[in-house]
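Have a look at the structure below, then the notes.
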Amino acid sequence: MISLRYTRNLFLRSFCIVYLFAFISFYIQIPGLYGDNGILPAKSLLENSKHKTLSAKVHYQPTLLWLAPYLGLDVNYALDVLALLGSFLAFTGFISQKFCTIPLFAGLWSLYFSLYQVGQVFVSNNYDEFLLEAGFLVLLVAPLLPGRRKGSKVLPSDSISFWLVRWLLFRFLLTCGLLKFISGCPKWWTLSAFNYYFETLPLPTPLSWYFHQIPSWYLKLFGVIANVCEIGIPFLFFVPIRAVRITSFMIQIFLQISIVLTGNYNFTNLLMVTLLLSLLDDQFFYGRRKPFTKWTFIEKVINILTYGALLLAVVKLYSLKLDGTIIESNIAFTKDQFEYVLKQGLTITIYLGLISLAVTILRALSISLFDVQGSKVFTIITTILYSGIAVLLFFASTVPLASLHTASNSTVHPSVRTVYNRLHKLHAVNQYGLFPKMMGVDGRPEVILEGSDNVEGPWLEYNFLYKPGNVNHSLPFVAPYSPRLDWQMFWAAYNTYDKQPWILSLTHRLLTGKAEVLALLDRHHSPFNQKPPKYIRGILYKYKYSSWSQRSQPSWWVRQKVGEYFPAYTKESPALVDYLKARNLLPTSSKQTVNPIWKQILDGVRYITGHLEATLLLWSVFTAGCAIITTSAKK
Numbered sequence: 001m002i003s004l005r006y007t008r009n010l011f012l013r014s015f016c017i018v019y020l021f022a023f024i025s026f027y028i029q030i031p032g033l034y035g036d037n038g039i040l041p042a043k044s045l046l047e048n049s050k051h052k053t054l055s056a057k058v059h060y061q062p063t064l065l066w067l068a069p070y071l072g073l074d075v076n077y078a079l080d081v082l083a084l085l086g087s088f089l090a091f092t093g094f095i096s097q098k099f100c101t102i103p104l105f106a107g108l109w110s111l112y113f114s115l116y117q118v119g120q121v122f123v124s125n126n127y128d129e130f131l132l133e134a135g136f137l138v139l140l141v142a143p144l145l146p147g148r149r150k151g152s153k154v155l156p157s158d159s160i161s162f163w164l165v166r167w168l169l170f171r172f173l174l175t176c177g178l179l180k181f182i183s184g185c186p187k188w189w190t191l192s193a194f195n196y197y198f199e200t201l202p203l204p205t206p207l208s209w210y211f212h213q214i215p216s217w218y219l220k221l222f223g224v225i226a227n228v229c230e231i232g233i234p235f236l237f238f239v240p241i242r243a244v245r246i247t248s249f250m251i252q253i254f255l256q257i258s259i260v261l262t263g264n265y266n267f268t269n270l271l272m273v274t275l276l277l278s279l280l281d282d283q284f285f286y287g288r289r290k291p292f293t294k295w296t297f298i299e300k301v302i303n304i305l306t307y308g309a310l311l312l313a314v315v316k317l318y319s320l321k322l323d324g325t326i327i328e329s330n331i332a333f334t335k336d337q338f339e340y341v342l343k344q345g346l347t348i349t350i351y352l353g354l355i356s357l358a359v360t361i362l363r364a365l366s367i368s369l370f371d372v373q374g375s376k377v378f379t380i381i382t383t384i385l386y387s388g389i390a391v392l393l394f395f396a397s398t399v400p401l402a403s404l405h406t407a408s409n410s411t412v413h414p415s416v417r418t419v420y421n422r423l424h425k426l427h428a429v430n431q432y433g434l435f436p437k438m439m440g441v442d443g444r445p446e447v448i449l450e451g452s453d454n455v456e457g458p459w460l461e462y463n464f465l466y467k468p469g470n471v472n473h474s475l476p477f478v479a480p481y482s483p484r485l486d487w488q489m490f491w492a493a494y495n496t497y498d499k500q501p502w503i504l505s506l507t508h509r510l511l512t513g514k515a516e517v518l519a520l521l522d523r524h525h526s527p528f529n530q531k532p533p534k535y536i537r538g539i540l541y542k543y544k545y546s547s548w549s550q551r552s553q554p555s556w557w558v559r560q561k562v563g564e565y566f567p568a569y570t571k572e573s574p575a576l577v578d579y580l581k582a583r584n585l586l587p588t589s590s591k592q593t594v595n596p597i598w599k600q601i602l603d604g605v606r607y608i609t610g611h612l613e614a615t616l617l618l619w620s621v622f623t624a625g626c627a628i629i630t631t632s633a634k635k
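Each residue of the sequence shown is one higher than the last, beginning at 1 in full-length UniProt numbering.
Below you can see the structure in the form of structure tokens.
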């Protein structure tokens, strides 16, 4: 029986690190995003509930924040408690393996789910849902109690749990890859998407500019590699040959490192790497080198043949040709051919997934019956329970996968769709699909907020910390921190302001000089630190990277003014005030009394953390955890 004990422990502790970064990121931004003076007050959202009983409120909005009055807290301080408690639990799991149990991960999932419920538009990306679904699966990977599995290498049910993790990875990558072609985006179909990709990332890194300058034929190859990593390689996650899975692990790690270097995608890449650990076993980390046997030789040959066949398929499907020192690439299949393969392939993929799961379950049951030490009854019951849960989750997860094509979507049984809908409410099963179309090909649109004391000007710009603004400023590496306001400003530019209440709420908070919101912006380069402006307006620009020939100049970007995004407002403007009032978004003072002990503790923590830059705070906590682990290991 393959040992997974070390792999499982590393997986669980790595997941605690992901949770740690996610909770701290949320905590830092609570006052500016969800406080009474924040952009989208959580209290206003909860006040929309007309229900009187606690059970009815929880059914309306399932969050632990409803318990705030019973604890002597208001919503603002309750948010702090949830985020800090989540950070503490994640930190304890990070520094000590014995805490990595089902109760701890159940608590982490519940706390993050509670915060997600009031996140509103700032959690509308797939990444938070991805974390919640993965966090739900971790409950099946973790042991019930510390020491329960001491002395045993693995339980048969572990193989089922890790299969579900691989299936989540498979669905996430495959869906993201297929949607690029399903969307019909001409840039993906001509392999020219990466000519614009690095310039149009929501939050580029300092290296994005340099990648953008790479010759076009290289960038087309990047498109081929991305397609293969997202559509082809995931199928190899389930091949019962260890060497094949390890090679796919290495390829996916290369992909994740590349994404980290060029784009700030918060904790997502770390989460992906953590989930990729499910492809490994203990021997990968510390196992002795196996003696060369006939099976080892066969395994290596199969691995070479598998990836050789994949390479040949890629050469044919993408017409790879060597022209001197340049590799030419073009998609060799038509949209009709892709449509046909997609129509047939989705159904076949689901059946293959079912067969793979069935084999995994049968093997686990066989081991439970004939090859297990300790309590056989307990092992059999556990394996049967996990098998049932796996089957339920698998069938529910086929709904979003089948929905990629109308033919396969019509075959989904209504009862399966009902199960999916119920699990989706808990975000235990989700539908993914990030950036199916390449946007901003004629220049990335950016909303620039300008303030002035006179409607005639001069107008001075507000600077954000992590999004493009000043053309002479390079953007920092910020991941795994998740700057939700900067991220949402990217999407705001692709829509009109009247359909996004949060951006007008942001404007009103800046006009009234709310310190909590100003803390989310670049205070060191703000012209309005001392006094808010009388007027604020939004201007839409198109940004493009400066060319390599302009690198001697200080500018990283060149921009062109498109026009007015929203007109100049004052804090008393009837149109602005009425708009926010109708949506219950005007700042209100909290009337609820807070327990003085709670208030003193939470204000103290907020004061200390508020003096540290966000990424510095995250890495400081992580470094402290590493120091504790190192010190404990030496004892």
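Idealized CB from N, CA, C, for every residue including glycine.
None of these values were measured; they are calculated from a predicted model.
Asked                                                                                                                                                                          : Found
Just tell me which of W556, T406 and L362 has its CA closest to the CA of G388.                                                                                                : L362
In terms of DSSP beta bridges, what is P445 paired with?                                                                                                                       : K542
Hey, how far is the Cα of N264 from the Cα of I380?                                                                                                                            : 45 Å
Excluding sequence positions up to five away, which residues of its chain have a Cβ less than 7 Å from the Cβ of I231?                                                         : L174, G177 and L178
For V244 and A193, I'd like the C-alpha separation in whole angstroms.                                                                                                         : 29 Å
Just verifying my parser: in three-state terms, what is the DSSP assignment at W109?                                                                                           : helix
Please determine if the stretch 557-570 and the stretch 532-547 are in contact, where contact requires at least 3 C-beta pairs separated by less than 8 Å.                     : yes
For the stretch 448-464 against the stretch 237-252, are there 3 or more C-beta pairs whose distance is under 8 Å?                                                             : no
Secondary structure at K153, three-state DSSP: helix, strand or coil?                                                                                                          : Because the pLDDT of K153 is 49, which lies under 50, any placement of that residue in the model is unreliable, and the question is left without a value.
Taking just the CA atoms, how far does D522 sit from F469?                                                                                                                     : Just to set this straight, residue 469 is Gly in the shown sequence, not Phe. Using only the alpha carbons, I get a separation of about 11 Å.
For W557, write down the residues that DSSP places opposite it in a beta bridge.                                                                                               : Y545
Quick one, which of C626, K634, S632 and A633 has its alpha-carbon nearest F91's?                                                                                              : C626
Please report the straight-line C-alpha distance between A68 and S526, rounded to a whole angstrom.                                                                            : 36 Å
Out of D74, T53 and L46, point me to the one whose CA is closest to K599's CA.                                                                                                 : D74
Tell me the rounded alpha-carbon separation between K581 and L311.                                                                                                             : 59 Å
Taking all protein chains shown into account, decide if A633 is buried (16 or more other Cβ within 10 angstroms of its Cβ) or exposed.                                         : exposed
Label S415 either buried or exposed according to how many other C-beta atoms from any shown protein chain fall within 10 Å of its C-beta, with 16 as the threshold for buried. : exposed
Any contact between the stretch 14-28 and the stretch 478-490? By contact I mean 3 or more CB pairs, one from each, below 8 Å.                                                 : yes
Measuring only the C-alpha atoms, how far is Y466 from F435?                                                                                                                   : 20 Å
With burial defined as no fewer than 16 other Cβ atoms inside 10 Å of the residue's Cβ, what is the status of S227: buried or exposed?                                         : The question names Ser, yet the displayed sequence has Asn at residue 227. Result: buried.
Starting from K467, trace the alpha helix (DSSP H) both ways and give me its first and last residue.                                                                           : Looking at the DSSP string, K467 is not in any alpha helix (DSSP H), and its letter there is neither H nor E.
By how many angstroms is the C-alpha of L145 removed from the C-alpha of Q61?                                                                                                  : 31 Å
Starting from D578 and walking both ways along the alpha helix (DSSP H), at which residues does that stretch end?                                                              : P574 to A582
May I ask you to verify whether the stretch 191-211 touches the stretch 157-174, counting CB pairs closer than 8 Å and requiring at least 3?                                   : no
In the DSSP assignment, find the unbroken alpha helix (DSSP H) run with K634 in it and report its ends.                                                                        : A614 to K634
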